[in-house]
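In this note's numbering, the protein residues as written are 74 to 232. Glycine residues also receive a C-beta, built at the ideal position from the N, C-alpha and C atoms.
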Amino acid sequence: MNAPLPSSTQRAQRAADQLGLAIHVREMPQSTRTAEDAAAACDCAVEQIVKSLVFQGATSGEPYLLLVSGKNRVDQNGVAQSVGEALTRPDAAQVRAWTGYAIGGIPPFGHDTVMRTFIDHDLLTHSVVWAAAGTPQTVFSVEPNALAQAVQAVAISVS
74 MNAPLPSSTQ RAQRAADQLG LAIHVREMPQ STRTAEDAAA ACDCAVEQIV KSLVFQGATS
134 GEPYLLLVSG KNRVDQNGVA QSVGEALTRP DAAQVRAWTG YAIGGIPPFG HDTVMRTFID
194 HDLLTHSVVW AAAGTPQTVF SVEPNALAQA VQAVAISVS
(Lines of atoms letter the chains of each structure in order from A and count residues from 1; the text may use other names and numbers.)
(Lines give C-alpha, C1' and ligand atoms only; values in the text may rest on other atoms or scores of the structure.)
Protein backbone atom coordinates (compact mmCIF):
# COMPACT_ATOMS: atom_id res chain seq x y z
CA MET A 1 0.00 0.00 0.00
CA ASN A 2 1.34 3.43 -0.94
CA ALA A 3 1.68 6.08 1.75
CA PRO A 4 -0.62 9.07 1.32
CA LEU A 5 0.85 12.13 -0.33
CA PRO A 6 2.03 14.94 1.97
CA SER A 7 -0.74 17.35 3.04
CA SER A 8 0.77 20.23 1.03
CA THR A 9 0.72 18.04 -2.07
CA GLN A 10 -2.86 17.02 -1.41
CA ARG A 11 -3.72 20.73 -1.19
CA ALA A 12 -2.00 21.37 -4.55
CA GLN A 13 -3.93 18.45 -6.08
CA ARG A 14 -7.24 19.87 -4.81
CA ALA A 15 -6.35 23.28 -6.28
CA ALA A 16 -5.60 21.67 -9.65
CA ASP A 17 -8.94 19.84 -9.52
CA GLN A 18 -10.76 23.10 -8.77
CA LEU A 19 -9.05 24.71 -11.78
CA GLY A 20 -10.06 21.80 -14.01
CA LEU A 21 -6.46 20.68 -14.54
CA ALA A 22 -6.20 16.91 -14.76
CA ILE A 23 -2.78 16.25 -13.24
CA HIS A 24 -1.12 13.17 -11.82
CA VAL A 25 1.29 13.96 -9.00
CA ARG A 26 4.46 11.90 -8.81
CA GLU A 27 6.46 11.61 -5.61
CA MET A 28 10.14 11.32 -6.46
CA PRO A 29 12.72 9.45 -4.38
CA GLN A 30 15.16 12.36 -4.81
CA SER A 31 14.81 16.12 -4.39
CA THR A 32 13.38 18.17 -7.21
CA ARG A 33 14.10 21.47 -5.42
CA THR A 34 16.25 22.93 -8.22
CA ALA A 35 15.42 23.01 -11.92
CA GLU A 36 18.41 20.78 -12.65
CA ASP A 37 17.37 18.24 -9.99
CA ALA A 38 13.79 18.26 -11.26
CA ALA A 39 14.85 17.77 -14.87
CA ALA A 40 16.99 14.78 -13.90
CA ALA A 41 14.18 13.26 -11.83
CA CYS A 42 11.54 13.87 -14.52
CA ASP A 43 13.81 12.78 -17.37
CA CYS A 44 13.20 15.99 -19.30
CA ALA A 45 15.10 19.08 -20.39
CA VAL A 46 15.75 21.84 -17.84
CA GLU A 47 13.78 24.24 -20.04
CA GLN A 48 10.65 22.11 -19.40
CA ILE A 49 10.78 22.76 -15.65
CA VAL A 50 8.44 25.43 -14.29
CA LYS A 51 10.06 27.54 -11.59
CA SER A 52 7.33 29.21 -9.52
CA LEU A 53 9.06 32.40 -8.36
CA VAL A 54 7.44 35.00 -6.14
CA PHE A 55 8.44 38.64 -6.39
CA GLN A 56 7.18 41.71 -4.57
CA GLY A 57 6.23 45.04 -6.07
CA ALA A 58 8.73 47.63 -4.87
CA THR A 59 6.06 50.32 -4.63
CA SER A 60 2.82 48.43 -3.98
CA GLY A 61 4.21 45.59 -1.86
CA GLU A 62 1.94 43.26 -3.84
CA PRO A 63 3.11 39.71 -4.60
CA TYR A 64 3.60 38.57 -8.19
CA LEU A 65 4.03 34.99 -9.35
CA LEU A 66 6.36 34.33 -12.27
CA LEU A 67 6.25 30.90 -13.90
CA VAL A 68 9.72 30.69 -15.41
CA SER A 69 11.45 28.13 -17.60
CA GLY A 70 14.13 26.26 -15.67
CA LYS A 71 16.81 27.47 -18.09
CA ASN A 72 16.02 31.16 -17.63
CA ARG A 73 16.98 33.78 -15.09
CA VAL A 74 14.56 36.61 -14.45
CA ASP A 75 15.56 40.04 -15.75
CA GLN A 76 13.81 42.07 -13.04
CA ASN A 77 14.12 45.34 -14.97
CA GLY A 78 12.60 43.82 -18.09
CA VAL A 79 9.81 42.10 -16.18
CA ALA A 80 9.06 45.36 -14.37
CA GLN A 81 7.98 46.78 -17.74
CA SER A 82 5.33 44.04 -18.03
CA VAL A 83 4.27 44.14 -14.38
CA GLY A 84 4.10 47.91 -14.16
CA GLU A 85 6.46 48.43 -11.23
CA ALA A 86 9.96 47.52 -10.06
CA LEU A 87 10.30 44.15 -8.36
CA THR A 88 12.15 43.00 -5.27
CA ARG A 89 12.74 39.49 -3.89
CA PRO A 90 10.87 38.83 -0.64
CA ASP A 91 12.44 36.57 1.98
CA ALA A 92 11.48 32.89 2.33
CA ALA A 93 9.14 33.57 5.26
CA GLN A 94 7.15 36.12 3.23
CA VAL A 95 6.97 33.77 0.23
CA ARG A 96 5.64 31.01 2.48
CA ALA A 97 3.10 33.40 4.04
CA TRP A 98 1.77 34.33 0.60
CA THR A 99 1.83 30.87 -0.97
CA GLY A 100 1.47 28.47 1.94
CA TYR A 101 4.39 26.47 0.53
CA ALA A 102 8.13 26.32 1.13
CA ILE A 103 10.50 27.49 -1.60
CA GLY A 104 11.45 24.51 -3.76
CA GLY A 105 7.96 23.03 -3.64
CA ILE A 106 5.73 25.94 -4.69
CA PRO A 107 3.13 24.84 -7.23
CA PRO A 108 1.89 27.32 -9.86
CA PHE A 109 -1.55 27.53 -8.17
CA GLY A 110 -3.40 26.97 -4.90
CA HIS A 111 -1.74 29.76 -2.91
CA ASP A 112 -2.99 31.40 0.26
CA THR A 113 -2.85 34.82 -1.43
CA VAL A 114 -4.21 35.61 -4.89
CA MET A 115 -1.34 36.86 -7.07
CA ARG A 116 -1.13 38.30 -10.55
CA THR A 117 0.59 35.56 -12.52
CA PHE A 118 2.93 35.77 -15.50
CA ILE A 119 4.27 32.86 -17.55
CA ASP A 120 7.54 32.75 -19.44
CA HIS A 121 6.98 32.64 -23.23
CA ASP A 122 9.67 29.94 -23.39
CA LEU A 123 7.51 27.49 -21.42
CA LEU A 124 4.76 27.78 -24.02
CA THR A 125 7.02 26.31 -26.72
CA HIS A 126 6.85 22.83 -25.14
CA SER A 127 4.11 20.23 -25.34
CA VAL A 128 4.67 19.26 -21.69
CA VAL A 129 6.24 21.02 -18.71
CA TRP A 130 6.85 19.85 -15.14
CA ALA A 131 6.06 21.83 -11.97
CA ALA A 132 6.35 21.38 -8.22
CA ALA A 133 3.35 19.93 -6.44
CA GLY A 134 3.72 21.25 -2.91
CA THR A 135 7.01 19.72 -1.74
CA PRO A 136 10.59 19.45 -3.04
CA GLN A 137 9.88 15.79 -3.90
CA THR A 138 6.51 16.03 -5.65
CA VAL A 139 5.95 17.09 -9.27
CA PHE A 140 3.37 16.91 -12.03
CA SER A 141 3.36 17.33 -15.78
CA VAL A 142 0.95 19.57 -17.65
CA GLU A 143 0.42 21.12 -21.06
CA PRO A 144 1.75 24.69 -20.58
CA ASN A 145 -1.04 26.49 -22.44
CA ALA A 146 -3.63 24.69 -20.28
CA LEU A 147 -1.67 25.74 -17.18
CA ALA A 148 -1.48 29.36 -18.36
CA GLN A 149 -5.20 29.44 -19.05
CA ALA A 150 -6.12 27.80 -15.73
CA VAL A 151 -4.09 30.30 -13.66
CA GLN A 152 -4.95 33.24 -15.94
CA ALA A 153 -1.26 33.93 -16.54
CA VAL A 154 -0.08 36.65 -18.87
CA ALA A 155 2.69 35.43 -21.22
CA ILE A 156 5.81 37.60 -21.08
CA SER A 157 9.53 37.43 -21.79
CA VAL A 158 11.34 37.03 -18.48
CA SER A 159 14.99 36.99 -19.51
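Notebook entry, point to check: At which residue ranges does the segment 111 to 190 contain complete alpha helix (DSSP H) runs of 4 or more residues, listed in the order of the chain?
Noted result: 149 to 156, 165 to 172
Notebook entry, point to check: Is the distance from the Cβ of Ile96 to the Cβ of Trp203 below 8 angstroms?
Noted result: Locating residue 96 in the sequence shown gives position 23, counting from the first residue. Locating residue 203 in the sequence shown gives position 130, counting from the first residue. No; because the gap between Cβ atoms is not below 8 angstroms, this pair is not in contact.
Margin query: Determine whether the beta carbon atoms of Arg147 and Val156 lie at a separation below 8 angstroms.
Written below: What you label residue 147 is simply residue 74 of the sequence shown in a count that begins at 1. What you label residue 156 is simply residue 83 of the sequence shown in a count that begins at 1. The identity of residue 147 in the sequence shown is Val, whereas the question assumes Arg. No, the Cβ-Cβ distance between Val147 and Val156 is not below 8 angstroms.
Margin query: Closest to Asp195 by C-alpha separation, out of Lys144, Ala159, Gly151, Gln210, would be which residue?
Written below: Taking the sequence shown and counting its residues from 1, one reaches residue 195 at position 122. Ranking the options by Cα distance to Asp195, first place goes to Lys144.
Item checked: Where the alpha helix (DSSP H) through Ala206 begins and ends -> Translated into the one-based positions of the sequence shown, residue 206 becomes position 133. Unbroken run through Ala206: none, as it is neither H nor E.
Next item on the list: Using the DSSP secondary-structure output, state which residues sit across from Thr211 in a beta bridge.
Entry: For the purposes of this step, residue 211 is taken as residue 138 along the sequence shown, with counting starting at 1. Glu100.
Item checked: Nearest to Ala112 (by Cα), restricted to the options Gln210, Val231, Ala228, Ala226 -> The count along the sequence shown starts at 1 and reaches residue 112 at position 39. Comparing Cα positions, the closest option is Gln210.
Next item on the list: For Ser214, decide whether its Cβ has a neighbour in chain B, counting only Cβ atoms nearer than 8 angstroms.
Entry: Structure shown: chain B not included; a single protein chain is present.
Check: Per DSSP, Ala228 forms a beta bridge with which residues?
Finding: Your numbering for residue 228 matches position 155 in the sequence shown. BP columns for Ala228 point to Ile192.
Next item on the list: Would you grab the beta carbon distance between Val152 and Val231 for me? Rounded to a whole angstrom, and I think it's under 8 angstroms.
Entry: Mapped onto the sequence shown, residue 152 falls at position 79. Mapped onto the sequence shown, residue 231 falls at position 158. Between Val231 and Val152 the Cβ distance is about 6 angstroms, and since that is below 8 angstroms, they are a contact.
Note to self: Just to confirm before moving on: does the CB-CB distance between Gly213 and Val119 stay below 8 angstroms?
What the structure shows: Looking up residue 213 in the sequence shown gives position 140. Looking up residue 119 in the sequence shown gives position 46. The amino acid at residue 213 is misidentified as Gly; the sequence shows Phe. Going by C-beta atoms, Phe213 is not nearer than 8 angstroms to Val119.
Next item on the list: If I'm right that Phe128 touches Arg169 with Cβ under 8 angstroms, what's the distance once you round it to whole angstroms?
Entry: Taking the sequence shown and counting its residues from 1, one reaches residue 128 at position 55. Taking the sequence shown and counting its residues from 1, one reaches residue 169 at position 96. Contact doesn't hold; Cβ gap of about 15 angstroms is too wide.
Item checked: CB of Ala219 within 8 angstroms of CB of Ile192, strictly -> Start at 1 with the first residue of the sequence shown, and residue 219 comes out as number 146. Start at 1 with the first residue of the sequence shown, and residue 192 comes out as number 119. No. Outside cutoff.
Check: Secondary structure at Leu92, three-state DSSP: helix, strand or coil?
Finding: Mapped onto the sequence shown, residue 92 falls at position 19. In this structure, Leu92 counts as helix in the three-state DSSP scheme.
Item checked: Buried versus exposed, by CB contacts within 10 Å (16 or more), Arg87 -> Residue numbering aside, residue 87 sits at position 14 when the sequence shown is read from its first letter. By the 10 Å Cβ count, Arg87 comes out exposed.
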